[in-house]
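The block underneath contains the structure these notes are about, expressed in structure tokens.
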Amino acid sequence: MKAKVFFLTAVAAVTLLSCGPTESDNAAALVAQIEQLYADGKYQTVLDSITSLRQRYPKEVEARRRVLPIWQDASLRIAQADIARTDSALQATIAEMEAAKTIRERNFIGIRRDSLQVRYDVLVGTVRVIHRRQQEK
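Note that numbering that gives the first Met the number 0 gives residue 103 to position 104 of the sequence shown, counting from 1, and the numbers run on in steps of one.
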């Protein structure tokens, strides 16, 4: 009798546990959420969500494969927006440097200009790498 009760309890437990969403279902729901965020233009949130997907569901290769182009596009758009902001700041700094009257002012503005120039160059390099990886497909 005890064996029969134990068996029925085990069958009921397995049945209840098997009805829940699987990791694949959870990953698919997160992918759908990522696609919606991308469509809404929330690129930084998209990157954060994809990182979360990679950490929570490392074995869901198909889901990760589906979001790879989204990751590349979101990274590209963020980098391009950052390039535009950096270029504007760089142009303003160059104009400010030309208007500076003392050597001291020019030196301090020159440091800022050099920093912005390095940032600009790195961002342009990042965009080139993303374009190259997108063409590999």
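All C-beta atoms in this analysis are idealised placements derived from N, C-alpha and C, irrespective of residue type, glycine included.
| field | L67 versus S114: straight-line alpha-carbon distance, rounded | value | Answer to the nearest angstrom: the Cα atoms are 31 angstroms apart.
| query | Given a threshold of 16 other Cβ atoms within 10 Å of its Cβ, counted over all protein chains shown, does E59 qualify as buried or as exposed? | reply | With 16 or more Cβ atoms within 10 Å of its Cβ, E59 is classed as buried.
| query | Counting Cβ pairs closer than 8 angstroms, one from the region 80 to 89 and one from the region 50 to 58, do we hit at least three? | reply | The answer is no - the region 50 to 58 does not touch the region 80 to 89, with fewer than three Cβ pairs under 8 angstroms.
| task | Can you grab the Cα-Cα spacing for the pair I69 / V45, in whole Å? | result | Straight-line Cα distance between these residues: approximately 8 angstroms.
| field | Per-residue burial, T101 [other beta carbons within 10 Å of its own, 16 or more giving buried] | value | So T101 counts as exposed.
| said: Between S74 and I129, how many whole angstroms is the CB-CB distance? I'm expecting something under 8 angstroms. | reply: Contact flag correct, Cβ pair sits at about 6 angstroms.
| query | Secondary structure at E137, three-state DSSP: helix, strand or coil? | reply | Given that the chain is displayed from residue 0 to residue 136, the structure contains no residue 137 and the question cannot be resolved.
| said: Please classify V30 as buried or exposed, where buried requires at least 16 neighbouring CB atoms within 10 angstroms. | reply: Counting Cβ neighbours within 10 Å, V30 comes out buried, since at least 16 surround it.
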